[in-house]
Structure formats: C-alpha cells, structure tokens
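Engineer: Here you go, one structure.
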Amino acid sequence: MKIKLTTVYVDDQDKALRFYTDVLGFTKKADFSNGTFRWLTVASPDEPNGTELQLALNTNPAAKAYQQAMLQQGQPAAMFFTDDISGDCARITARGGAFAMPPTEVTASTIAQLQDTCGNLIQITQLARW
Numbered sequence: 391m392k393i394k395l396t397t398v399y400v401d402d403q404d405k406a407l408r409f410y411t412d413v414l415g416f417t418k419k420a421d422f423s424n425g426t427f428r429w430l431t432v433a434s435p436d437e438p439n440g441t442e443l444q445l446a447l448n449t450n451p452a453a454k455a456y457q458q459a460m461l462q463q464g465q466p467a468a469m470f471f472t473d474d475i476s477g478d479c480a481r482i483t484a485r486g487g488a489f490a491m492p493p494t495e496v497t498a499s500t501i502a503q504l505q506d507t508c509g510n511l512i513q514i515t516q517l518a519r520w
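Numbering-wise, the numbering used here comes out as the position in the sequence shown, counting from 1, plus 390.
In structure tokens:
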C-alpha cells in the first residue's frame, strides 16, 4: 500500500494552480472537468509519478468550514519537505510568495510557513541532519 493522493481545499482552482505551479514549482498532473466538477492535481517534478496533491474546490460546506478553521488556528493544510529550505524560500519569495513565518529552527527541523492565496497555510520543512 502507498499514498497516491491527498487533497487541499481551495477557494479558486485557477489561482491555486498558478500558486502551486508558478510559485512553489510543482507540475500540473491532471486537469479535467465534468460539468461543474473539475479534477485538478499537481505533483513534484522530482517525482512525477509520485503522490499527487488534489486542488479541490471548497464548495462543500464541510470542506469550507474545515479549511477556514485550520487557517484560523494557524494549522497548515499541507506540509512539504525540502533538503534546502533557505534556497527554496528564496526561490518562492522571488516568484511572489510571502512568508508568514520565515525559516525558523524548531525541534529536529527548520520550518517556514506561507499562505497559498487560496485560503490555506502551507508549511515547508527541512529535517535536521545529525
């Protein structure tokens, strides 16, 4: 068994696609519609056949409530890992990303957080190497 897909709820799929591809650097994996439903996923360019992140529209009231509560509590909707948090944060900032928390050392890792422009807090993590 393996994890193939996880979901982040967004308030605008086009805006989310721009953020996750143009700012974070993921690649679009799937994008198709059936009526008002749109299936949209991105993946890491380093693992194009790896885990996909679905950018799901938050039109379901439960999804919207969950998304808003997580943001209000300062809880990341997703966490991405890197081996170069300083370099990635500099690249993301140059592409228009704004960090709510710059790279900060915490127990066993360095983390940074930014909003995805679609209603979510995103965390980037670099694990400490001993």
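All residues carry an ideal CB built from backbone N, CA and C; glycine is no exception.
#1: For TYR399, I'd like the list of residues in its chain whose CB is within less than 6 Å of its CB, leaving aside the five on either flank, ordered along the chain.
#2: In the DSSP output, what is ALA516 paired with across the bridge?
#3: With DSSP as the reference, identify every bridge partner of LYS418, one or two as the case may be.
#4: Please list the terminal residues of the continuous alpha helix (DSSP H) segment that includes GLN403.
#5: Let me make sure I understand the geometry here. Which of ALA518, THR397, PRO435 has the alpha-carbon closest to that of ILE512?
#6: Please report the residue range of the alpha helix (DSSP H) in which MET460 lies.
Structural biologist: So, from the data block:
#1: ALA446, ASN448, ALA453, GLN457
#2: Checking the displayed sequence, the identity of residue 516 turns out to be Gln instead of Ala. In the DSSP output, where bridge partners are listed per residue, GLN516 has THR500.
#3: VAL432
#4: 403-408
#5: THR397
#6: 451-462
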